[in-house]
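To keep things clear, I will list the structure first and then write my remarks on it.
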Amino acid sequence: MRLTLLVAALSLLATLPVAANAADCPALLAQHMGTDLTLSFDQFDQDDHQGWRPVSDAGCEAEAAMLIASYAEKHPHPVLAWHRAQMLAKAGKAVDAIEAARQTLRPPHSDDASGFDWNDYANATIAFLQGDKASLQSNRDRLADAAAKAEFNQPNLHSVDKLLRCFGQPYKIAYSCPTPP
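Numbering (our numbering), first residue to last: 13 to 193.
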């Protein structure tokens with residue numbers, strides 16, 4: 013009887029959908045390396061159904077970072093370094109993520125004319141990864157000032173607010189930190 017129940021339970025488990033596990037990630041990376049390196053930038057970076065995003069969505073953030081790095085070698089684009097940094101951070105590779113994020117920093121005052129405040133957003137993220145709450149807060153405050161003057165800074169401010177709200181959690185959790193009720 014017990015053996016029959018065990019077999020039935022295992023059979024039922026076998027029919028349930030399985031999330032990507034670490035063993036699936038190398039195969040998923042190989043698949044995307046074979047198909048995605050010739051995509052246009054928009055297809056590779058902005059489309060939720062191709063490029064690095066499906067690899068990340070499968071829980072394979074380290075592999076998504078590798079895919080982005082390979083794509084960027086052939087098709088350089090400034091946003092790719094940032095998305096690689098985010099994938100490294102989500103994979104728990106803070107040191108590598110910080111290095112990649114620093115590569116995205118712009119010369120001081122280079123965004124003044126546009127009102128876009130990239131550096132405070134990037135530096136806030138770096139501070140989060142370093143566990144430096146005071147620096148995270150000061151970069152957030154400068155980004156909030158910029159967001160008050162230029163609405164297009166709001167999405168990055170919301171992201172930094174999540175990092176602040178879930179400070180001390182892994183980046184993967186903090187980046188999606190829920191707003192309290």
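Built from N, CA and C at the ideal position, the CB exists for glycine as well. Bear in mind the structure is a predicted one, so any value in this text is a computation, not a measurement.
{"Check": "Collapsed DSSP secondary structure at S68 in the structure displayed", "Outcome": "helix"}
{"Check": "Cα-Cα separation, R96 to P193", "Outcome": "32 Å"}
{"Check": "Member of D157, Y183 and C189 whose CA lies at the smallest distance from the CA of A105", "Outcome": "The residue you asked about is not Ala; residue 105 is Lys in the sequence shown. Of the listed residues, the one whose Cα sits closest to K105 is Y183."}
{"Check": "CB contact flag (A70, L49, <8 Å)", "Outcome": "no"}
{"Check": "CA-to-CA distance, D157 to S147, given in whole angstroms", "Outcome": "16 Å"}
{"Check": "Closest residue to E163 among A93, I185 and S126 (Cα-Cα distance)", "Outcome": "S126"}
{"Check": "Whole runs of the beta strand (DSSP E) within the region 112-182, excluding any shorter than 3 residues", "Outcome": "none"}
{"Check": "Burial state of S188, where buried means 16 or more other Cβ atoms lie within 10 Å", "Outcome": "exposed"}
{"Check": "Assigned exposure category for E111 - 16 Cβ within 10 Å defines buried", "Outcome": "exposed"}
{"Check": "Straight-line gap, N168 to V67 (C-alpha atoms, nearest Å)", "Outcome": "23 Å"}
{"Check": "Candidates N165, P90, F140 and E75: closest to V107 by CA position", "Outcome": "F140"}
{"Check": "Spatial neighbours of H89 in its chain, beta-carbon cut-off 6 Å, leaving aside the 5 residues before and after", "Outcome": "F53"}
{"Check": "As assigned by DSSP and simplified to three states, the class of S188", "Outcome": "coil"}
{"Check": "Minimum C-alpha distance to L175 - residue among A159, T137 and D153", "Outcome": "T137"}
{"Check": "L80 burial status per 10 Å Cβ neighbour count (16 or more: buried)", "Outcome": "Sequence check: residue 80 is Ile here, not Leu. It is buried - the Cβ of I80 has at least 16 other Cβ atoms within 10 Å."}
{"Check": "Beta-carbon spacing of Y75, C37 below 8 Å", "Outcome": "This sequence places Glu at residue 75; Tyr is not what is there. Taking 8 Å as the Cβ cut-off, E75 and C37 qualify as a contacting pair."}
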